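Protein chains in written order, with the working numbering: chain A, 685 to 846; chain B, 685 to 846.
2 protein chains.
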Amino acid sequence: MIFSSKAEYGVRLMIELGRQAPEHPTSLKAIADAEGLPLAYLEQVVARLRRAGLVMSARGAHGGYWLSRPAGEIAMDEVVMALEGSIAPMECFINEHTERVLCSHEPDAGRRCATKLLWTRVQGGIIRSLQTTTLAELVDFAGDPVTGYAEPGSAPELAVTE
Amino acid sequence: MIFSSKAEYGVRLMIELGRQAPEHPTSLKAIADAEGLPLAYLEQVVARLRRAGLVMSARGAHGGYWLSRPAGEIAMDEVVMALEGSIAPMECFINEHTERVLCSHEPDAGRRCATKLLWTRVQGGIIRSLQTTTLAELVDFAGDPVTGYAEPGSAPELAVTE
DNA sequence: CACAAATCCTACCAGCAGGGTCGGTTTAGC
DNA sequence: GCTAAACCGACCCTGCTGGTAGGATTTGTG
Numbered sequence: 685m686i687f688s689s690k691a692e693y694g695v696r697l698m699i700e701l702g703r704q705a706p707e708h709p710t711s712l713k714a715i716a717d718a719e720g721l722p723l724a725y726l727e728q729v730v731a732r733l734r735r736a737g738l739v740m741s742a743r744g745a746h747g748g749y750w751l752s753r754p755a756g757e758i759a760m761d762e763v764v765m766a767l768e769g770s771i772a773p774m775e776c777f778i779n780e781h782t783e784r785v786l787c788s789h790e791p792d793a794g795r796r797c798a799t800k801l802l803w804t805r806v807q808g809g810i811i812r813s814l815q816t817t818t819l820a821e822l823v824d825f826a827g828d829p830v831t832g833y834a835e836p837g838s839a840p841e842l843a844v845t846e
Numbered sequence: 685m686i687f688s689s690k691a692e693y694g695v696r697l698m699i700e701l702g703r704q705a706p707e708h709p710t711s712l713k714a715i716a717d718a719e720g721l722p723l724a725y726l727e728q729v730v731a732r733l734r735r736a737g738l739v740m741s742a743r744g745a746h747g748g749y750w751l752s753r754p755a756g757e758i759a760m761d762e763v764v765m766a767l768e769g770s771i772a773p774m775e776c777f778i779n780e781h782t783e784r785v786l787c788s789h790e791p792d793a794g795r796r797c798a799t800k801l802l803w804t805r806v807q808g809g810i811i812r813s814l815q816t817t818t819l820a821e822l823v824d825f826a827g828d829p830v831t832g833y834a835e836p837g838s839a840p841e842l843a844v845t846e
């Protein structure tokens with residue numbers, strides 16, 4: 685699995701916030717109920733988004749969360765990065781100096797690390813996909829309850845089997 | 685982390701095999717020594733590659749493994765797919781009917797699943813990166829022990845920070 | 001034939017990250 | 001003061017990752 689449930693929950697949460705008017709705080713409870721997610725766990729998820737500056741919050745009664753920017757200005761790589769911490773295809777992309785044998789880059793034999801080339805390309809592919817998708821797109825896609833047909837041009841890329 | 689160590693080890697193994705003349709079997713022990721990887725674990729890894737038809741094997745003394753096709757005809761998505769089983773950004777891409785709350789696609793509210801759109805794009809980005817890289821490229825990149833400079837044009841895409 | 005080098009196969013295991021839960025504290029509106 | 005919310009930190013359970021162990025089988029060589 686590439687992304688953990690934090691990413692899934694966090695993106696859903698962002699979409700819910702994107703559906704609301706800005707500055708109108710939405711409580712976590714409302715989101716948890718709407719999406720059927722555990723409230724206590726969502727707290728941890730939303731904390732990451734807040735620390736990353738993607739959402740803002742108000743405490744106390746009638747408090748809640750809202751997007752700190754319009755959904756159209758939020759690229760999904762920011763969101764996923766905040767939720768997952770990093771987008772790393774392989775361990776050595778995070779811990780340069782793990783004790784694991786796993787990644788003996790710059791090895792004694794003097795050969796260049798070919799797997800790093802591969803994983804770097806993969807990372808590029810992922811980040812590009814995320815960067816070119818905005819939260820607003822996802823909000824539009826989820827859209828209003830389905831009426832039977834999609835708005836034209838709203839789903840340019842949905843070939844699952846690629 | 686996106687890929688497990690099986691992918692790292694398996695790709696390294698394939699590169700080692702790509703460096704050898706075809707039909708000349710290479711023993712796992714030689715590869716394990718060359719890469720500094722545990723032999724017993726490599727057995728499990730290479731078994732996946734064999735079952736996928738990417739390598740062939742000969743038992744007995746002077747047995748070993750070799751590529752079943754020229755390295756130039758092996759795209760890396762095949763290799764990674766064989767090693768990892770699948771390339772799935774999110775759990776629901778594998779177990780359509782897991783009991784987890786995680787993925788309530790086609791939900792009661794009738795809204796379309798926007799996260800699935802996002803993960804599908806990501807999956808596409810990954811698979812495209814892998815498909816457009818052949819094993820031969822990686823073998824060339826690892827190349828002979830570094831002499832100080834790369835062959836021109838051999839590393840078209842190495843921007844780690846992207 | 002005996003032996004050694006190799007693939008092949010199955011079972012087992014320890015650690016740890018993922019996916020939560022729980023209880024409590026603080027803040028703010030009514 | 002009560003209640004609804006955000007906030008915080010500790011804890012916990014389960015399954016998967018990354019191996020290890022031990023053998024069985026095959027095959028070239030002396």
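Heads up, the beta-carbon is just placed ideally off N, CA and C, and yes, glycines get one too. The structure displayed is predicted, hence computed values, not measured ones.
Backbone CA spacing between residue i and residue j [nearest angstrom]
i: lysine 690(B); j: alanine 755(A); result: 38 Å
i: aspartate 640(A); j: valine 730(A); result: Nothing about residue 640(A) can be read from this structure; chain A reaches only from 685 to 846.
i: threonine 818(B); j: isoleucine 715(B); result: 20 Å
i: methionine 740(A); j: glycine 769(A); result: 19 Å
i: phenylalanine 687(A); j: tyrosine 749(A); result: 24 Å
i: tyrosine 725(A); j: valine 806(A); result: 30 Å
i: leucine 721(B); j: tryptophan 803(A); result: 19 Å
i: glutamate 821(A); j: cysteine 797(A); result: 38 Å
i: methionine 685(B); j: glycine 808(B); result: 18 Å
i: glycine 659(B); j: glutamate 775(A); result: In the structure as shown, chain B begins at 685 and stops at 846. Residue 659(B) is therefore absent and cannot be evaluated.
i: isoleucine 758(A); j: proline 773(A); result: 23 Å
i: glutamine 704(B); j: arginine 812(B); result: 27 Å
i: isoleucine 810(A); j: threonine 816(A); result: 10 Å
Beta-carbon contacts of residue i that lie in its chain and below 7 Å, excluding the five residues immediately before and after
i: alanine 826(A); result: Ile699
i: valine 695(B); result: Val763
i: glutamate 727(B); result: Leu712
Three-state class that DSSP yields for residue i in the structure shown
i: glycine 744(A); result: coil
i: leucine 802(B); result: helix
i: leucine 664(A); result: As displayed, chain A neither begins before 685 nor continues past 846, which places residue 664(A) out of reach and without an answer.
i: leucine 701(A); result: helix
i: alanine 759(A); result: strand
i: leucine 738(B); result: coil
Same chain, Cβ closer than 6 Å to residue i, neighbours up to 5 away in sequence not counted
i: leucine 814(A); result: Met760, Asp761 and Val764
Same chain only: Cβ atoms within 8 Å of residue i, ignoring 5 sequence neighbours per side
i: arginine 753(A); result: Leu738
i: proline 709(B); result: Ser741, Ala742, His746, Gly747, Gly748, Tyr749 and Trp750
i: glutamate 692(B); result: none
i: phenylalanine 777(A); result: Ser770, Trp803 and Gln807
Discussion item. Does the structure place the stretch 699-714 of chain B close enough to the stretch 732-743 of chain A that three or more beta carbon pairs sit under 8 Å?
Written reply: Counting C-beta pairs with one atom in each stretch, the stretch 732-743 of chain A and the stretch 699-714 of chain B have fewer than three that are closer than 8 Å, which means they do not touch.
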